[in-house]
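As structure tokens, the structure follows; a few thoughts come after it.
Residue numbers (full-length UniProt numbering): 1 to 407.
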């Protein structure tokens, strides 16, 4: 995110001496993207950031995938993944369950009540949408307090941990990229400022406000990285001689930040607007959009729900996390549901929704959509909560007639 911030104390000139109170030197670290050719920040550590005293394998959560075969649209009931009180012992890192994925992006879900271990993703950025609950996200850049409707953007290799707060379970929808995640390029000036036509601006973004300094010795950090495990993913546990949260100051344009979905300003029109107007972020070969409460089409003969459409180049994943989604009524989809509409399948409103929407002036709905430009496979979490009948909901009654005829 090319928006400069400075937190704590940094020297006047980069790559020069920065003295600690004892007269010694703080250790400067450049954290940057694309080698030295894109956004970066400079962090000033009390201790040498490269020092480790031990390393061991870490078994990451199940990353195995299976094909969506036969290729059909699916309804995945994420709220069924975690039942009863078991969530109290779960954490956001090691308890997340893989729902969908491909070589560009992985989508997981978790309900958590316990602090995670220190962790960093060495493969790509993470975008975590907080469905409900609250947490403090402690990072090497500082802490972020987050709650319902927050997108938390964590750049690749950011050491952090999740600490749920309050009595309510923390429900998190996790999008892990094999790339970086950023605002769409069409929202940005050539120098990186969010433009006037963008549905949000820099003042809507929350970043760390002060350094987070923690004492400790022999501290473990879980690292997800490329390897020979399922999906080409492996894990390692590093042990650091001192706590990694030792940054006294940093500055630059690369850091974790938070954007709340309530600050997204929807773009509407006289007739139905296509999904790109709802876009909030993008990564390599995928985009993230959100459908928020809004006034809808005002042409006198408009049909406010989406027209039927074929995803020729993409798979569409919709996570329903608030309100009442008009187009899906009668399908069984509710809060905490995912719909998967694969490329090659024509989809749109459920039977009756097209007609019911005529004359409607506003939609009260909240959904997070991920469109991928390569086919998605099913993770173990998605397979476990597939309702098995969503594909036939557009032909309700006819499927039953066909089965009776075969019987």
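Even for Gly, the Cβ is constructed at its ideal location relative to N, Cα and C.
Limits of the beta strand (DSSP E) - the one that residue i falls within
{"i": "residue 380", "result": "Where residue 380 is concerned, there is no enclosing beta strand (DSSP E), although the alpha helix (DSSP H) it sits in stretches over 380-384."}
{"i": "residue 143", "result": "142-146"}
{"i": "residue 226", "result": "217-226"}
{"i": "residue 394", "result": "From DSSP, residue 394 is part of no beta strand (DSSP E); its letter is neither H nor E."}
{"i": "residue 268", "result": "No beta strand (DSSP E) holds residue 268; DSSP gives it neither H nor E."}
{"i": "residue 259", "result": "257-260"}
{"i": "residue 423", "result": "Given that the chain is displayed from residue 1 to residue 407, the structure contains no residue 423 and the question cannot be resolved."}
{"i": "residue 159", "result": "From DSSP, residue 159 is part of no beta strand (DSSP E); its letter is neither H nor E."}
{"i": "residue 82", "result": "Per DSSP, residue 82 belongs to no beta strand (DSSP E) and is neither H nor E."}
{"i": "residue 90", "result": "Where residue 90 is concerned, there is no enclosing beta strand (DSSP E), given that its DSSP letter is neither H nor E."}
{"i": "residue 121", "result": "118-121"}
{"i": "residue 135", "result": "134-139"}
{"i": "residue 349", "result": "First-last for residue 349: undefined, no H or E at that position."}
{"i": "residue 45", "result": "40-45"}
{"i": "residue 319", "result": "315-323"}
{"i": "residue 112", "result": "105-112"}
{"i": "residue 366", "result": "365-372"}
{"i": "residue 408", "result": "The structure shown does not extend to residue 408, since the chain is modelled only from 1 to 407, so the question has no answer here."}
Whole-angstrom C-beta distance between residue j and residue i, which should lie under 8 Å
{"i": "residue 319", "j": "residue 367", "result": "6 Å"}
{"i": "residue 244", "j": "residue 219", "result": "7 Å"}
{"i": "residue 98", "j": "residue 336", "result": "Contact flag wrong, Cβ pair sits at about 17 Å."}
{"i": "residue 279", "j": "residue 184", "result": "5 Å"}
{"i": "residue 225", "j": "residue 236", "result": "6 Å"}
{"i": "residue 29", "j": "residue 43", "result": "5 Å"}
{"i": "residue 72", "j": "residue 249", "result": "Rounded, the Cβ-Cβ distance is 53 Å, inconsistent with contact."}
{"i": "residue 127", "j": "residue 281", "result": "6 Å"}
{"i": "residue 122", "j": "residue 48", "result": "That belief does not hold up - the Cβ atoms of residue 122 and residue 48 are roughly 19 Å apart, past 8 Å."}
{"i": "residue 208", "j": "residue 144", "result": "6 Å"}
{"i": "residue 338", "j": "residue 170", "result": "Actually they do not touch by this definition, with Cβ atoms about 18 Å apart."}
{"i": "residue 378", "j": "residue 100", "result": "6 Å"}
{"i": "residue 110", "j": "residue 157", "result": "Going by Cβ atoms, the distance from residue 110 to residue 157 rounds to 21 Å, so no, they are not a contact pair."}
Inter-residue spacing [alpha-carbon to alpha-carbon] between residue i and residue j
{"i": "residue 112", "j": "residue 160", "result": "16 Å"}
{"i": "residue 120", "j": "residue 270", "result": "45 Å"}
{"i": "residue 342", "j": "residue 392", "result": "14 Å"}
{"i": "residue 154", "j": "residue 59", "result": "21 Å"}
{"i": "residue 246", "j": "residue 381", "result": "36 Å"}
{"i": "residue 373", "j": "residue 105", "result": "10 Å"}
{"i": "residue 125", "j": "residue 152", "result": "10 Å"}
{"i": "residue 206", "j": "residue 82", "result": "30 Å"}
{"i": "residue 234", "j": "residue 177", "result": "15 Å"}
{"i": "residue 92", "j": "residue 162", "result": "6 Å"}
{"i": "residue 290", "j": "residue 138", "result": "26 Å"}
{"i": "residue 146", "j": "residue 259", "result": "9 Å"}
{"i": "residue 198", "j": "residue 241", "result": "45 Å"}
{"i": "residue 165", "j": "residue 95", "result": "17 Å"}
{"i": "residue 211", "j": "residue 65", "result": "39 Å"}
{"i": "residue 345", "j": "residue 316", "result": "10 Å"}
{"i": "residue 331", "j": "residue 389", "result": "9 Å"}
{"i": "residue 221", "j": "residue 257", "result": "21 Å"}
{"i": "residue 84", "j": "residue 322", "result": "22 Å"}
{"i": "residue 369", "j": "residue 340", "result": "10 Å"}
{"i": "residue 333", "j": "residue 174", "result": "20 Å"}
{"i": "residue 25", "j": "residue 18", "result": "6 Å"}
{"i": "residue 38", "j": "residue 68", "result": "36 Å"}
{"i": "residue 103", "j": "residue 299", "result": "42 Å"}
{"i": "residue 215", "j": "residue 129", "result": "30 Å"}
{"i": "residue 180", "j": "residue 188", "result": "16 Å"}
{"i": "residue 31", "j": "residue 141", "result": "11 Å"}
{"i": "residue 292", "j": "residue 252", "result": "32 Å"}
{"i": "residue 276", "j": "residue 227", "result": "34 Å"}
{"i": "residue 394", "j": "residue 351", "result": "6 Å"}
{"i": "residue 396", "j": "residue 328", "result": "13 Å"}
{"i": "residue 355", "j": "residue 56", "result": "59 Å"}
{"i": "residue 284", "j": "residue 267", "result": "24 Å"}
{"i": "residue 217", "j": "residue 46", "result": "13 Å"}
{"i": "residue 313", "j": "residue 387", "result": "25 Å"}
{"i": "residue 358", "j": "residue 309", "result": "19 Å"}
{"i": "residue 365", "j": "residue 305", "result": "12 Å"}
{"i": "residue 63", "j": "residue 301", "result": "48 Å"}
{"i": "residue 21", "j": "residue 74", "result": "60 Å"}
{"i": "residue 116", "j": "residue 371", "result": "29 Å"}
Among the options, the one whose alpha carbon lies nearest that of residue i
{"i": "residue 3", "options": "237, 45, 245, 255", "result": "255"}
{"i": "residue 7", "options": "16, 41, 36", "result": "41"}
{"i": "residue 294", "options": "362, 241, 213", "result": "362"}
{"i": "residue 202", "options": "33, 263, 128", "result": "263"}
{"i": "residue 133", "options": "122, 140, 150", "result": "150"}
{"i": "residue 349", "options": "168, 376, 303", "result": "303"}
{"i": "residue 274", "options": "63, 253, 216, 297", "result": "297"}
{"i": "residue 230", "options": "284, 61, 169", "result": "61"}
{"i": "residue 51", "options": "36, 70, 35, 27", "result": "27"}
Residue interval of the alpha helix (DSSP H) (run including residue i)
{"i": "residue 355", "result": "353-356"}
The ligand NAP heavy atom lying under 8 Å from the CB of residue i
{"i": "residue 40", "result": "Of ligands this structure carries none, so the ligand NAP is not represented either."}
For the segment 278-304, list the beta strand (DSSP E) runs that are entirely contained and at least 3 residues long, ordered along the chain.
-> 279-283, 286-291
Entirely enclosed alpha helix (DSSP H) segments - the segment 162-205, minimum 4 residues = none
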